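Notes for the one structure printed next.
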Amino acid sequence: MLEELKKKVYEANMLLPKYGLVTFTWGNVSGVDREKKLFVIKPSGVPYEELTPESMVVCDFDGNRVEGDYNPSSDTLTHAYLYSHWDKIGGVVHTHSPYATSWAQAGRSIPCYGTTHADYYYGEVPCLRTLTKEEIDTAYELNTGVLIVDEFARMKKDPEAVSACLCKNHGPFTWGKDPLDAVHSAVVLEEVAKMAFRTELINPKVEPAPQCLQDKHYYRKHGAGAYYGQAKK
10 MLEELKKKVY EANMLLPKYG LVTFTWGNVS GVDREKKLFV IKPSGVPYEE LTPESMVVCD
70 FDGNRVEGDY NPSSDTLTHA YLYSHWDKIG GVVHTHSPYA TSWAQAGRSI PCYGTTHADY
130 YYGEVPCLRT LTKEEIDTAY ELNTGVLIVD EFARMKKDPE AVSACLCKNH GPFTWGKDPL
190 DAVHSAVVLE EVAKMAFRTE LINPKVEPAP QCLQDKHYYR KHGAGAYYGQ AKK
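Mapping to the numbering used here: the sequence shown position 186 is 195, numbers consecutive.
Below, the structure written as C-alpha coordinates:
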(Lines of atoms letter the chains of each structure in order from A and count residues from 1; the text may use other names and numbers.)
(Lines give C-alpha, C1' and ligand atoms only; values in the text may rest on other atoms or scores of the structure.)
Protein backbone atom coordinates (compact mmCIF):
# COMPACT_ATOMS: atom_id res chain seq x y z
CA MET A 1 0.00 0.00 0.00
CA LEU A 2 1.27 3.49 -0.93
CA GLU A 3 4.63 2.08 -2.02
CA GLU A 4 5.64 5.20 -3.94
CA LEU A 5 4.78 7.46 -1.02
CA LYS A 6 6.72 5.18 1.35
CA LYS A 7 9.77 5.60 -0.86
CA LYS A 8 9.40 9.40 -0.89
CA VAL A 9 8.93 9.57 2.88
CA TYR A 10 11.92 7.28 3.44
CA GLU A 11 14.11 9.44 1.20
CA ALA A 12 12.92 12.59 2.97
CA ASN A 13 13.68 11.08 6.39
CA MET A 14 17.19 10.18 5.26
CA LEU A 15 17.84 13.86 4.47
CA LEU A 16 17.51 14.80 8.15
CA PRO A 17 20.85 13.28 9.24
CA LYS A 18 22.43 14.37 5.95
CA TYR A 19 21.70 18.02 6.76
CA GLY A 20 22.57 17.69 10.45
CA LEU A 21 19.03 18.20 11.68
CA VAL A 22 18.84 15.12 13.91
CA THR A 23 20.91 13.30 16.50
CA PHE A 24 20.22 9.58 17.01
CA THR A 25 16.47 9.17 16.28
CA TRP A 26 15.34 12.69 17.19
CA GLY A 27 13.14 13.50 14.21
CA ASN A 28 10.53 12.34 11.74
CA VAL A 29 9.05 13.10 8.34
CA SER A 30 5.63 12.15 7.00
CA GLY A 31 3.79 12.48 3.70
CA VAL A 32 0.08 12.34 2.93
CA ASP A 33 -2.18 10.74 0.32
CA ARG A 34 -5.20 13.04 0.31
CA GLU A 35 -7.32 10.81 -1.89
CA LYS A 36 -7.00 7.83 0.45
CA LYS A 37 -6.93 9.99 3.61
CA LEU A 38 -3.82 8.18 4.78
CA PHE A 39 -0.28 9.26 5.54
CA VAL A 40 3.10 7.56 5.79
CA ILE A 41 5.46 8.31 8.68
CA LYS A 42 8.80 7.15 10.11
CA PRO A 43 8.61 4.36 12.71
CA SER A 44 9.28 5.29 16.32
CA GLY A 45 12.82 4.98 17.68
CA VAL A 46 14.34 3.12 14.73
CA PRO A 47 17.91 4.29 13.89
CA TYR A 48 18.20 5.99 10.51
CA GLU A 49 20.76 3.48 9.27
CA GLU A 50 18.21 0.71 9.80
CA LEU A 51 15.35 2.41 7.94
CA THR A 52 14.04 1.17 4.59
CA PRO A 53 11.04 2.22 2.49
CA GLU A 54 9.29 -0.92 3.73
CA SER A 55 9.74 0.10 7.37
CA MET A 56 7.65 3.24 6.92
CA VAL A 57 4.25 3.09 8.64
CA VAL A 58 0.86 3.91 7.08
CA CYS A 59 -1.64 5.69 9.36
CA ASP A 60 -5.11 7.18 9.06
CA PHE A 61 -6.07 10.72 10.08
CA ASP A 62 -6.98 9.48 13.57
CA GLY A 63 -3.40 8.27 14.02
CA ASN A 64 -4.26 4.60 13.80
CA ARG A 65 -1.70 2.27 12.22
CA VAL A 66 -3.16 0.89 8.99
CA GLU A 67 -0.09 -0.93 7.71
CA GLY A 68 3.45 -1.57 8.93
CA ASP A 69 5.49 -3.83 11.18
CA TYR A 70 6.57 -1.02 13.51
CA ASN A 71 4.86 1.44 15.79
CA PRO A 72 4.60 4.83 14.10
CA SER A 73 6.46 7.89 15.37
CA SER A 74 5.43 9.10 18.80
CA ASP A 75 4.52 12.41 17.08
CA THR A 76 2.00 10.72 14.76
CA LEU A 77 -1.06 12.41 16.25
CA THR A 78 0.52 15.84 15.73
CA HIS A 79 1.07 15.07 12.05
CA ALA A 80 -2.44 13.62 11.75
CA TYR A 81 -4.05 16.74 13.19
CA LEU A 82 -2.10 19.05 10.86
CA TYR A 83 -3.13 16.99 7.82
CA SER A 84 -6.77 16.89 8.83
CA HIS A 85 -6.97 20.66 9.37
CA TRP A 86 -4.61 22.09 6.75
CA ASP A 87 -5.64 20.56 3.45
CA LYS A 88 -2.95 22.26 1.37
CA ILE A 89 0.05 20.63 3.06
CA GLY A 90 1.51 17.36 1.84
CA GLY A 91 4.43 16.77 4.20
CA VAL A 92 5.32 17.44 7.85
CA VAL A 93 8.71 17.40 9.63
CA HIS A 94 9.62 17.49 13.29
CA THR A 95 13.23 17.72 14.47
CA HIS A 96 15.24 18.83 17.46
CA SER A 97 17.76 20.70 15.30
CA PRO A 98 20.07 22.62 17.66
CA TYR A 99 19.61 26.27 16.73
CA ALA A 100 15.86 26.17 16.09
CA THR A 101 15.37 24.15 19.27
CA SER A 102 17.45 26.68 21.22
CA TRP A 103 15.04 29.44 20.18
CA ALA A 104 12.12 27.18 21.17
CA GLN A 105 13.65 26.48 24.58
CA ALA A 106 14.21 30.19 25.08
CA GLY A 107 10.54 30.78 24.24
CA ARG A 108 11.36 33.23 21.48
CA SER A 109 10.03 33.67 17.98
CA ILE A 110 12.68 34.10 15.28
CA PRO A 111 12.54 37.68 13.96
CA CYS A 112 13.10 38.40 10.29
CA TYR A 113 16.47 40.15 10.35
CA GLY A 114 17.28 39.82 6.66
CA THR A 115 16.44 38.71 3.18
CA THR A 116 17.42 35.06 3.63
CA HIS A 117 14.60 34.72 6.14
CA ALA A 118 12.23 36.86 4.03
CA ASP A 119 12.77 34.68 0.96
CA TYR A 120 11.08 31.78 2.74
CA TYR A 121 8.91 33.02 5.62
CA TYR A 122 6.59 36.02 5.62
CA GLY A 123 7.43 37.60 8.96
CA GLU A 124 8.77 36.03 12.11
CA VAL A 125 8.69 32.30 12.72
CA PRO A 126 6.43 32.13 15.77
CA CYS A 127 7.25 30.42 19.03
CA LEU A 128 4.00 29.06 20.45
CA ARG A 129 3.13 28.70 24.13
CA THR A 130 3.94 25.70 26.27
CA LEU A 131 1.09 23.23 26.61
CA THR A 132 -0.72 23.26 29.94
CA LYS A 133 -0.36 20.36 32.39
CA GLU A 134 -3.85 19.20 31.46
CA GLU A 135 -3.04 19.32 27.73
CA ILE A 136 0.15 17.35 28.34
CA ASP A 137 -1.48 14.76 30.59
CA THR A 138 -4.57 14.12 28.47
CA ALA A 139 -3.31 13.98 24.87
CA TYR A 140 0.16 15.50 24.51
CA GLU A 141 0.87 14.80 20.84
CA LEU A 142 -2.67 15.54 19.68
CA ASN A 143 -2.76 18.78 21.64
CA THR A 144 0.55 19.83 20.08
CA GLY A 145 -1.21 19.71 16.70
CA VAL A 146 -4.25 21.50 18.10
CA LEU A 147 -2.00 24.24 19.50
CA ILE A 148 -0.23 24.78 16.18
CA VAL A 149 -3.45 25.01 14.16
CA ASP A 150 -5.28 27.17 16.71
CA GLU A 151 -2.39 29.57 17.24
CA PHE A 152 -1.89 30.11 13.51
CA ALA A 153 -5.61 30.89 13.23
CA ARG A 154 -5.46 33.23 16.22
CA MET A 155 -2.42 35.07 14.83
CA LYS A 156 -3.98 35.08 11.34
CA LYS A 157 -0.84 33.49 9.96
CA ASP A 158 -1.06 31.63 6.68
CA PRO A 159 0.65 28.23 7.06
CA GLU A 160 1.67 28.44 3.40
CA ALA A 161 3.40 31.79 3.98
CA VAL A 162 5.05 30.66 7.23
CA SER A 163 5.73 26.96 6.85
CA ALA A 164 7.33 26.55 10.27
CA CYS A 165 6.81 27.14 13.95
CA LEU A 166 8.53 26.54 17.27
CA CYS A 167 6.77 24.81 20.14
CA LYS A 168 8.07 26.35 23.38
CA ASN A 169 10.33 24.08 25.45
CA HIS A 170 10.08 21.49 22.67
CA GLY A 171 11.30 22.19 19.15
CA PRO A 172 10.44 23.01 15.53
CA PHE A 173 7.77 21.71 13.21
CA THR A 174 7.79 22.47 9.49
CA TRP A 175 5.54 21.52 6.59
CA GLY A 176 5.31 21.85 2.82
CA LYS A 177 3.59 20.73 -0.35
CA ASP A 178 5.24 17.30 -0.06
CA PRO A 179 7.75 15.54 2.24
CA LEU A 180 10.82 16.94 0.45
CA ASP A 181 9.41 20.47 0.57
CA ALA A 182 8.79 20.10 4.31
CA VAL A 183 12.41 18.98 4.79
CA HIS A 184 13.55 21.97 2.73
CA SER A 185 11.71 24.23 5.17
CA ALA A 186 13.34 22.43 8.12
CA VAL A 187 16.81 23.01 6.64
CA VAL A 188 16.07 26.68 5.96
CA LEU A 189 14.62 27.13 9.44
CA GLU A 190 17.78 25.82 11.08
CA GLU A 191 19.96 28.15 8.99
CA VAL A 192 17.71 31.14 9.71
CA ALA A 193 17.77 30.31 13.43
CA LYS A 194 21.57 30.14 13.33
CA MET A 195 21.85 33.47 11.49
CA ALA A 196 19.44 35.21 13.88
CA PHE A 197 21.39 33.94 16.90
CA ARG A 198 24.66 35.23 15.49
CA THR A 199 23.06 38.51 14.43
CA GLU A 200 21.96 39.21 18.00
CA LEU A 201 25.43 38.32 19.30
CA ILE A 202 27.00 40.84 16.94
CA ASN A 203 24.37 43.51 17.56
CA PRO A 204 22.13 42.98 20.61
CA LYS A 205 20.09 46.05 19.60
CA VAL A 206 19.34 44.83 16.07
CA GLU A 207 15.89 45.54 14.66
CA PRO A 208 13.94 43.40 12.15
CA ALA A 209 14.49 44.17 8.48
CA PRO A 210 12.29 46.96 7.06
CA GLN A 211 8.86 45.67 6.06
CA CYS A 212 9.27 46.95 2.52
CA LEU A 213 12.42 44.83 2.12
CA GLN A 214 10.72 41.79 3.65
CA ASP A 215 7.78 42.24 1.26
CA LYS A 216 10.05 42.60 -1.75
CA HIS A 217 11.96 39.39 -1.07
CA TYR A 218 8.97 37.29 -0.09
CA TYR A 219 6.73 38.34 -2.97
CA ARG A 220 9.38 38.19 -5.67
CA LYS A 221 9.64 34.47 -4.85
CA HIS A 222 6.01 33.69 -4.01
CA GLY A 223 2.63 34.67 -5.38
CA ALA A 224 1.20 35.83 -8.68
CA GLY A 225 3.94 38.35 -9.47
CA ALA A 226 6.89 36.15 -8.51
CA TYR A 227 9.87 36.33 -10.83
CA TYR A 228 12.57 34.42 -8.91
CA GLY A 229 13.88 31.32 -10.69
CA GLN A 230 12.98 29.96 -14.11
CA ALA A 231 9.58 30.12 -15.71
CA LYS A 232 7.75 26.80 -15.90
CA LYS A 233 7.37 25.44 -19.43
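We put the beta carbon where it would ideally sit given N, CA and C, even for glycine. Being a predicted model, the structure only gives us computed values, none of them experimental.
Contact defined as beta carbons within less than 8 Å: I believe residue i pairs with residue j. What is the distance between those atoms, to the nearest angstrom?
i, j, result
"Ala-109", "Pro-181", "4 Å"
"Val-49", "Ser-64", "Their Cβ separation, rounded to whole angstroms, is 11 Å, which puts Val-49 and Ser-64 out of contact at 8 Å."
"Glu-150", "Ser-106", "Glu-150 to Ser-106, Cβ: 19 Å. No contact."
"Arg-138", "Lys-177", "6 Å"
"Gly-99", "Lys-186", "5 Å"
Could you please give the first and the last residue of the uninterrupted beta strand (DSSP E) stretch that includes residue i?
i, result
"His-179", "Looking at the DSSP string, His-179 is not in any beta strand (DSSP E), and its letter there is neither H nor E."
"Asp-69", "66 to 69"
Grab the span of the alpha helix (DSSP H) containing residue i for me, first residue to last.
i, result
"Ser-201", "Before going on, a small fix: residue 201 reads as Val here, not Ser. First-last of the alpha helix (DSSP H) with Val-201: 188 to 211."
"Phe-161", "142 to 163"
"Cys-121", "It is not in any alpha helix (DSSP H) - Cys-121 carries neither H nor E in the DSSP assignment."
"Asp-224", "220 to 228"
"Glu-13", "12 to 27"
"Ser-93", "85 to 94"
Quick check on the burial criterion: 16 or more other C-beta atoms within 10 angstroms. Buried or exposed for residue i?
i, result
"Cys-221", "exposed"
"Ala-113", "buried"
"Ile-119", "buried"
"Asn-73", "exposed"
"Gln-239", "exposed"
"Pro-81", "buried"
"Ala-205", "buried"
What's the C-alpha gap between residue i and residue j?
i, j, result
"Glu-216", "Asp-190", "29 Å"
"Leu-91", "Ala-170", "15 Å"
"Leu-47", "Val-31", "25 Å"
"Ala-173", "Leu-14", "22 Å"
"Leu-25", "Glu-59", "14 Å"
"His-231", "Leu-175", "23 Å"
"Lys-51", "Asn-22", "7 Å"
Check the DSSP bridge columns for residue i and list the partner residues they point to.
i, result
"Ala-127", "For Ala-127, which the question treats as bridged, DSSP gives no partner whatsoever."
"Thr-104", "Gly-36"
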